[in-house]
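Visitor: In UniProt numbering, the protein residues as written are 1 to 641.
For glycine and all other residues, C-beta sits at the position ideal for the given N, C-alpha and C.
From a predicted model like this one, the values you see are computed outputs, not experimental measurements.
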């Protein structure tokens, strides 16, 4: 007998506990009813069969006959010759669908459009051949109507590819990311509305993953094989209904019904499948009469149709936030893992188009980019976390623009001089702090001209320093100290109104007087809740003649919240930085720091620029980087002045 490894035993124990918390299926006498009857001619030899939305027609994938459009009686209406297995589809407007299948001859995933009115197939789009055997595939359309294809392969291989936009296929497919899937996975399905991917693990159970490419790759069990769950011996093919999941239990010839309960799943019923010895495939379509099913019996090869008098209860989903695409992105940082953190924008006073984006790498130092994202300088001075910039700092006998960053190696403030003519950045000294774990940093420059730095630590302390460079070497004098109750990070100062905004990661955003001699009385700006999701990370100010806005990184739901920068701090909206397929730029997620400027930097940046750190670099998968977004698109999307 093979011994179970301790880590595996712990995993199964945890899963057993989770599954045991689910209510058991209701008794069959009170279960939903399912009536089945054979469908189509016995001569039909197909590997997969799917109902066509809004019609009694069917689509079939056949090893012998290719891809077939069939009428309600199973008669052929259109054929794409070849040998195909596996099938999924999505609507492509009122008269068409996009079909995904696996070309058996080339072992390539293939996508093709079908004009259902003209009964005509389009030109196929094939993904490059993979270095693993593809077992299954499924389509996914996100909130922005981008179309993706998931591949499920042997030995735990999984991939997500961008294949279309709206009703059309792209000219070429683009790999977005790889996924670590179960080694015995064969089937997948996606609930588009919930952005959820379902994958089977034959001898273990059914799993739910986030489907959006910018989401974390965590998973939760839907059900497990006995004795840990309600499946007899195997987890088979699945079909999605809104708020629920249908799954085949092939070894017991049963159909399991599951209802979503928050992030968990409840077993609703387990129905016998009379007349099927080895149920292998399942497909569903909603109709006015209920949920229409198509099931395949692997033993006979026959398909059966039926109607299920059960619908999952609707699940409340968060509203879809509008997306704004990045127009440029920085080169990826030179360190793996959680490295890139916070950007700052230096505006060149002589040539705005030659401005710079400074970014911290908390495993390396300070990085300097051009507005095209090209890396211009690397300053390996230590683990820098946050950075901020102000102009006109007197350093010795010269006037420079100053960047200040929090240095986690030395729990200090690292100062950098920026040449106002060339944009070159050079180290300009260190200011030590007594913080044990320095974290965030921001600068404050009132009209009187002095320069202050606010530094915070993970223990909630804030230290305010007056910076001085008159002697030619940077120094700092501690002038004020205050604290919040839990971990802070992001902060930004409104120089004009002498107001400081600070973020407390699990609580929200506070405002207080930024002046050194003022009391540190905290006033709530926004609490974590419906719009703002913890962690609260980067803060930035967009300031123009028309109106000023506070921009916040809402890391918990990968979004950015925009408020008026003056009381009562009215909410103006929230958005995500989404995919720019045409430019080959992925969206942004898990954002730490951000920065914004209203300065006219020329071209697409004429109304300013927003820069956000991207915590998950996709398409291709690389180390983290920074995304550059035209503020004009943010303003248009949210209807800002």
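How would you label residue 553, buried or exposed, when you count the other beta carbons within 10 angstroms and need 16 or more for buried?
Guide: In the chain shown, the residue the question calls residue 553 occupies position 553. So residue 553 ends up on the buried side.
Visitor: Which value, in whole angstroms, describes the spacing of the CA atoms of residue 478 and residue 488?
Guide: Position 478 of the chain shown, counted from the first residue, corresponds to residue 478. Position 488 of the chain shown, counted from the first residue, corresponds to residue 488. Cα to Cα, residue 478 sits roughly 19 Å from residue 488.
Visitor: Can you give me the C-alpha to C-alpha distance between residue 123 and residue 265, rounded to a whole angstrom?
Guide: Start at 1 with the first residue of the chain shown, and residue 123 comes out as number 123. Start at 1 with the first residue of the chain shown, and residue 265 comes out as number 265. Straight-line Cα distance between these residues: approximately 40 Å.
Visitor: Could you give the DSSP three-state label for residue 17: helix, strand or coil?
Guide: As a first step, residue 17 is located in the chain shown; it is residue number 17 there, counting from the start. At residue 17 the pLDDT is 42, less than 50, meaning the model places this residue with poor confidence; the figure from the coordinates comes in the next sentence. Three-state DSSP puts residue 17 in a helix.
Visitor: Near residue 557, which residues of its chain fall below 6 Å by C-beta distance, leaving aside the five closest residues on each side in sequence?
Guide: Taking the chain shown and counting its residues from 1, the one referred to as residue 557 is at position 557. Cβ within range, chain order: 533.
Visitor: Going by C-alpha distance, which of 62, 589, 332 is nearest residue 375?
Guide: For the purposes of this step, residue 375 is taken as residue 375 along the chain shown, with counting starting at 1. Checking every option, the nearest Cα to that of residue 375 belongs to 332.
Visitor: Please name the residue in 528, 523, 312, 239 whose C-alpha comes closest to that of residue 507.
Guide: Here the question's residue 507 lines up with position 507 in the chain shown. Among 528, 523, 312, 239, the Cα nearest to that of residue 507 belongs to 528.
Visitor: Touch check for the segment 292-299 and the segment 347-357: three-plus C-beta pairs under 8 Å?
Guide: Segments in contact, no.
Visitor: How many angstroms separate the CA atom of residue 70 from the CA atom of residue 60?
Guide: Locating residue 70 in the chain shown gives position 70, counting from the first residue. Locating residue 60 in the chain shown gives position 60, counting from the first residue. Residue 70 and residue 60: Cα-Cα distance of roughly 7 Å.
Visitor: Could you name the residues that DSSP lists as bridge partners for residue 499?
Guide: Walking along the chain shown from the start, residue 499 turns up at place 499. In DSSP, residue 499 forms a bridge with 494, 513.
Visitor: Under a three-way DSSP split, which group does residue 22 fall into?
Guide: Translated into positions along the chain shown, residue 22 becomes position 22. Confidence is the limiting factor: at residue 22 the pLDDT is only 48, short of 50, which leaves the residue's position unreliable, though a coordinate-based value still follows. Coil, per DSSP.
Visitor: Identify whether residue 76 lies in helix, strand or coil by the three-state DSSP scheme.
Guide: Here residue 76 is taken as the residue at index 76 of the chain shown, counted from 1. In this structure, residue 76 counts as strand in the three-state DSSP scheme.
Visitor: Contact check, residue 323 vs residue 578 under 8 Å by CB: the rounded distance?
Guide: Taking the chain shown and counting its residues from 1, one reaches residue 323 at position 323. Taking the chain shown and counting its residues from 1, one reaches residue 578 at position 578. Confirmed, about 3 Å.
Visitor: Under DSSP, the beta strand (DSSP E) around residue 50 begins and ends at which residues?
Guide: As a first step, residue 50 is located in the chain shown; it is residue number 50 there, counting from the start. Unbroken beta strand (DSSP E) run through residue 50: 48-51.
Visitor: Could you give the residue range of the beta strand (DSSP E) that holds residue 481?
Guide: Within the chain shown, the letter at position 481 stands for residue 481. Counting along the chain, the beta strand (DSSP E) containing residue 481 begins and ends at 475-483.
Visitor: Of all Cβ atoms in chain B, is any one closer than 8 Å to the Cβ of residue 408?
Guide: The displayed structure is made up of one protein chain only, and chain B is not part of it.
Visitor: Should residue 641 go down as buried or exposed, given a rule of 16 or more other Cβ atoms within 10 Å for buried?
Guide: Sequence index remark: in the chain shown, residue 641 carries index 641 (1-based). Exposed, because fewer than 16 other Cβ atoms sit within 10 Å of the Cβ of residue 641.
Visitor: Tell me which residues share the same chain as residue 107 and place their Cβ nearer than 8 Å to its Cβ, disregarding the 5 neighbours each side in the sequence.
Guide: Numbered from 1 along the chain shown, position 107 holds the residue referred to as residue 107. Here the set comprises 129, 130, 133, 134.
Visitor: When the Cα of residue 541 is compared with those of 306, 437, 606, 389, which residue comes out closest?
Guide: Working through the chain shown from its first residue, we reach residue 541 at position 541. Checking every option, the nearest Cα to that of residue 541 belongs to 389.
Visitor: Taking the alpha-carbon of residue 281 as reference, which of 404, 597, 189, 97 has the nearest alpha-carbon?
Guide: Your numbering for residue 281 matches position 281 in the chain shown. The residue with the shortest Cα to Cα distance from residue 281 is 189.
Visitor: Distance, Cα to Cα, residue 697 vs residue 234?
Guide: The structure shown does not extend to residue 697, since the chain is modelled only from 1 through 641, so no value can be given for it.
Visitor: Counting Cβ pairs, one atom from each stretch, are 3 or more of them under 8 Å apart for the segment 514-523 and the segment 406-425?
Guide: These segments do not touch.
Visitor: When DSSP labels each residue in this structure, what does residue 104 get in the three-state scheme?
Guide: Locating residue 104 in the chain shown gives position 104, counting from the first residue. DSSP places residue 104 in coil when its eight states are reduced to three.
Visitor: Measuring CA to CA, which of 72, 91, 169, 56 is closest to residue 110?
Guide: As a working note, residue 110 is residue 110 in the chain shown. Residue 110 has its Cα closest to that of 169, out of 72, 91, 169, 56.
Visitor: Compute the distance between the beta-carbons of residue 100 and residue 52, then report whether it is under 8 Å.
Guide: In the chain shown, counting from the first residue as 1, residue 100 sits at position 100. In the chain shown, counting from the first residue as 1, residue 52 sits at position 52. Not in contact: residue 100 and residue 52 (Cβ atoms no closer than 8 Å).
Visitor: Compare the C-alpha of residue 689 against each of 62, 271, 442 and name the closest.
Guide: Outside the displayed span of the chain (1 to 641) sits residue 689, for which this structure offers no information.
Visitor: First and last residue of the beta strand (DSSP E) that includes residue 179?
Guide: In the chain shown, the residue the question calls residue 179 occupies position 179. Per DSSP, residue 179 belongs to the beta strand (DSSP E) from 168-180.
Visitor: Report the three-state DSSP secondary structure of residue 557 (helix, strand or coil).
Guide: Here residue 557 corresponds to residue number 557 of the chain shown, with the count starting at 1. Helix.
Visitor: When DSSP labels each residue in this structure, what does residue 433 get in the three-state scheme?
Guide: Along the chain shown, read from residue 1 onward, the residue named residue 433 stands at position 433. Coil at residue 433, not helix or strand.
Visitor: Buried or exposed for residue 629, going by 16 or more other Cβ atoms inside 10 Å?
Guide: For this step, residue 629 is matched to residue 629 along the chain shown. With 16 or more other Cβ atoms within 10 Å, it is buried.
Visitor: Which runs of the beta strand (DSSP E), 3 residues or longer, sit entirely within the segment 406-469?
Guide: List check, beta strand (DSSP E) in window: 412-418, 425-432, 438-444, 451-457, 461-468.
Visitor: Give me the Cα-Cα distance between residue 26 and residue 47, rounded to the nearest whole angstrom.
Guide: In the chain shown, residue 26 corresponds to position 26, counting from 1. In the chain shown, residue 47 corresponds to position 47, counting from 1. Only weak support exists for where residue 26 lies, its pLDDT of 41 falling under 50; the coordinates are left without a value.
Visitor: Would you check if the segment 271-287 and the segment 226-233 touch, i.e. whether three or more CB-CB distances between them fall below 8 Å?
Guide: Because the criterion of three Cβ pairs below 8 Å is not met, the segment 226-233 and the segment 271-287 do not touch.
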